Structures are given as structure tokens and as C-alpha cells.
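In the numbering used here, the protein residues as written are 422 to 566.
Virtual Cβ for every residue (Gly too), placed ideally from N, Cα, C.
Note that the structure is a prediction, hence the values are computed from the model and not measured.
Read the structure below first, then the notes.
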Ligand SMILES: [Zn+2]
């Protein structure tokens with residue numbers, strides 16, 4: 422049995438629910454070395470065999486893009502927590518979840534794996550994200566309403 426993992430931004434306007442395809446201890450914990458992620462202290466998990474549901478209060482999510490503009494970095498505009506990075510391809514969204522910004526349980530005490538994606542082409546980047554990130558549904562509605 423795998424366990425559903427629930428998290429949220431600091432103010433609670435953005436809620437995340439990860440249904441992983443494996444136990445939490447087997448999920449990856451990645452630390453991207455780019456300048457944006459380092460400034461946020463972001464640590465990521467994802468599971469291509471799982472499913473991620475993001476529920477955000479209407480209008481609260483800011484979608485920030487930088488550098489190559491290939492992903493949306495989802496930030497709560499109320500409390501400034503950085504929640505996840507998300508892409509869409511052929512009508513399907515995929516995301517990698519920032520376990521720090523969403524206070525996702527199960528990762529305390531683990532060393533993250535430092536990763537540097539600087540040398541990827543845009544095509545390699547898209548292929549990697551689709552292979553590793555979690556299929557995602559994003560709903561803009563009041564959480565727990
Ligand atoms: Zn918030």
C-alpha cells in the first residue's frame with residue numbers, strides 16, 4: 422500500500438496531494454543546482470507512476486518563467502511559497518513538487534541528490550521531465566470547500 426501525501430503552502434491557499442506509485446521512502450529527492458532553485462532551497466520529488474493534484478484558490482497562483490521559459494514555476498502570491506514546477510505537453514500537465522515549499526511529509530532527514538541540468542537541450546529537458554515528473558491535475562478552487 423502506498424500512502425497519499427498531503428501538503429500545502431504556508432498560508433494554505435495552495436494544497437497539494439501526491440498519490441505516489443511507491444512508498445515515500447523510495448521516492449527520489451532531488452536538489453536542482455540552478456540559481457532559482459538554490460535561492461528557494463527547493464528539494465523535489467516526483468513519480469511518473471503516481472498522480473499529483475494541485476488545488477489553488479482562484480487567482481492565488483503566480484506562474485513564473487525564467488531562462489529558457491520551458492516550465493511554469495508555481496508560487497503562492499499570498500505567502501510567497503514556491504510550490505512546484507509544471508509543464509504541459511499534448512494536453513497533459515506534469516509537475517515536480519517542492520517538498521520544502523509544500524511541507525510534504527516523509528522526507529525529513531534525507532540527503533537530497535544534487536543535480537545540474539545546465540547542459541540539456543530543450544528537447545532533452547522536455548523528454549526528461551515527461552519521463553520523471555508526476556502527471557498532474559491543477560484545479561483553481563477554494564481548497565477544502
Ligand atoms: Zn500560500
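Checklist entry - Closer than 6 Å from C-beta to any heavy atom of ligand 1: which residues, in chain order? => result Screening all residues for a C-beta within a distance smaller than 6 Å of any heavy atom in ligand 1 leaves 430, 431, 432, 434, 435, 497, 499, 500 and 502, in chain order.
Checklist entry - Does DSSP put residue 512 in a helix, a strand or coil? => result coil
Checklist entry - In three-state DSSP terms, what is residue 457? => result Residue state for residue 457 is assigned as helix, using DSSP reduced to three classes.
Checklist entry - Considering residue 473, what are the terminal residues of the beta strand (DSSP E) in which it resides? => result 472 to 477 is the span of the beta strand (DSSP E), which, as asked, contains residue 473.
Item to check | Spatial distance of residue 551 from residue 515 (CA atoms) | outcome: 7 Å
Checklist entry - Is it buried or exposed for residue 536, if we count other Cβ within 10 angstroms and need 16 for buried? => result exposed
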